[in-house]
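If you're matching positions, the sequence shown starts at 1 in full-length UniProt numbering and goes up one per residue. For each residue, glycine too, the CB sits at the ideal point set by N, CA and C. Shown next, in structure tokens, is the structure this report addresses.
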Amino acid sequence: MVISKNVIYNPAVFPIEREIVVEENERSTLDCTKFPRDIDIIRSLPFPVQLSPTSTVAKTFALMNNNNDVTELTIYKENLFYEFNLDDQTVRSIPAEIGQLTLLRTLRIYDSPVLHLPNEFGNLKLLGTLIIKNSSLYDLPTAIENLSVLTTLDLSYNNLKTLPSTIASLRSLQTLDIQSNQLTSINELNNMNSLRYLYAQNCSITHLPKIMSQLIYLYMSYNHLQDLIGIGTLGTVSQMKDFDFGYNQIDFIAPEISRIIRYIQKLSVKHNRLTYLAKEIYDQPNAATTFLDISENLFTGDELNSIKATIKIKLPAIKVTY
Numbered sequence: 001m002v003i004s005k006n007v008i009y010n011p012a013v014f015p016i017e018r019e020i021v022v023e024e025n026e027r028s029t030l031d032c033t034k035f036p037r038d039i040d041i042i043r044s045l046p047f048p049v050q051l052s053p054t055s056t057v058a059k060t061f062a063l064m065n066n067n068n069d070v071t072e073l074t075i076y077k078e079n080l081f082y083e084f085n086l087d088d089q090t091v092r093s094i095p096a097e098i099g100q101l102t103l104l105r106t107l108r109i110y111d112s113p114v115l116h117l118p119n120e121f122g123n124l125k126l127l128g129t130l131i132i133k134n135s136s137l138y139d140l141p142t143a144i145e146n147l148s149v150l151t152t153l154d155l156s157y158n159n160l161k162t163l164p165s166t167i168a169s170l171r172s173l174q175t176l177d178i179q180s181n182q183l184t185s186i187n188e189l190n191n192m193n194s195l196r197y198l199y200a201q202n203c204s205i206t207h208l209p210k211i212m213s214q215l216i217y218l219y220m221s222y223n224h225l226q227d228l229i230g231i232g233t234l235g236t237v238s239q240m241k242d243f244d245f246g247y248n249q250i251d252f253i254a255p256e257i258s259r260i261i262r263y264i265q266k267l268s269v270k271h272n273r274l275t276y277l278a279k280e281i282y283d284q285p286n287a288a289t290t291f292l293d294i295s296e297n298l299f300t301g302d303e304l305n306s307i308k309a310t311i312k313i314k315l316p317a318i319k320v321t322y
């Protein structure tokens with residue numbers, strides 16, 4: 001059982017702070033017979049939802065297929081309310097009935113207060129895209145592991161402190177955006193070899209994830225990285241890559257970078273604590289690197305001159321920001 005101080009949202013009143021007891025594994029009380037049709041579920045939501053509108057810009061709407069099944073739902077700037085029942089002391093941030101939309105393929109929630117997702121989200125087994133952005137999300141249910149065809153997951157600009165270990169079960173996931181959260185570790189992502197795009201800027205992460213063979217884009221600027229140990233296990237498949245580690249505390253580039261440096265097209269270690277540049281950066285005559293940013297580090301004048309001279313000889317085609 002977890003006790004947390006959350007905000008209870010109600011469309012009719014201002015937010016009120018209250019101590020809420022949240023069951024870690026909340027039992028579903030969903031009555032699947034209450035709403036026999038998708039349109040009934042949509043009508044039950046505590047905010048108006050436009051069905052198949054002509055314009056979908058900046059609004060809450062749902063799209064349906066020819067069989068009247070909801071396949072896409074976007075919730076935009078809605079003041080979702082929490083249910084607080086003194087008998088069972090359960091909390092739901094958004095209606096669990098959404099879990100009955102079993103043909104849903106895209107779900108987007110923008111700028112709406114959602115601290116908690118019901119376990120019923122695990123019923124959305126056809127979901128390919130899930131976006132919950134700028135919504136104060138505090139945690140993810142372990143049932144997320146059931147979203148086996150999910151390819152895009154955007155959880156940026158929330159309050160996540162940890163990721164569930166079950167996230168590693170998302171074997172189809174290719175794009176993950178967790179930037180601007182309160183994460184200190186993303187080890188739960190280790191061995192996610194399907195992942196190609198990882199956006200993890202502006203968190204408090206201290207170590208690189210490991211063993212992501214398909215990774216192409218890795219953005220981890222504005223974290224608390226102290227070294228690049230593990231980088232040799234990232235993006236080991238021979239495709240061009242873009243890695244950004246700017247604005248960290250990196251003082252050491254591990255020699256293992258030699259395993260992948262020939263595939264890194266753009267590399268930024270801007271604004272770190274490097275006093276020298278690892279020789280593995282130079283020793284790749286066939287490297288694909290076209291851009292290197294090593295500016296705002298702690299190189300002495302002599303060291304920087306030596307770096308410039310070595311790059312001019314060994315990597316004459318590369319564009320370098322000093």
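Span of the alpha helix (DSSP H) around T310: T310 -> alpha helix (DSSP H) spans G301 to K314.
Three-state class that DSSP yields for I132 in the structure shown: Correct three-state label for I132: strand.
Terminal residues of the alpha helix (DSSP H) in which S268 lies: Careful: S268 lies outside any alpha helix (DSSP H), inside the beta strand (DSSP E) at I264 to S268.
Rounded C-alpha distance that separates Q239 from L189: Per the coordinates, the alpha-carbon of Q239 lies some 20 angstroms from the alpha-carbon of L189.
Under the three-state DSSP convention, the category L137 falls into: The three-state secondary structure of L137, taken from DSSP, is coil.
For A62, three-class secondary structure by DSSP: Looking at A62 - three-state DSSP - the assignment turns out to be strand.
Terminal residues of the beta strand (DSSP E) in which I75 lies: Per DSSP, I75 belongs to the beta strand (DSSP E) from V70 to Y76.
One or two residues paired with F252 in a DSSP bridge: Note: F252 sits in a beta bridge opposite D227.
Supposed contact pair I205 and D223 - C-beta distance, whole angstroms, cut 8 angstroms: The sequence as given places Asn at residue 223; Asp does not occur at that position. Rounded, the Cβ-Cβ distance is 4 angstroms, consistent with contact.
For L198: DSSP bridge partner residues: In DSSP, L198 forms a bridge with L176 and L218.
Proximity to Y76 [Cα-Cα], best of T129, F299, T60 and S135: Cα-wise, what sits closest to Y76 is T60.
Of the listed residues P46, L101 and E303, nearest to N68 (C-alpha basis): When P46, L101 and E303 are compared, the shortest CA-CA separation from N68 is found for L101.
N-terminal and C-terminal residue of the alpha helix (DSSP H) that D38 is part of: Segment D38 to S44, the alpha helix (DSSP H) holding D38.
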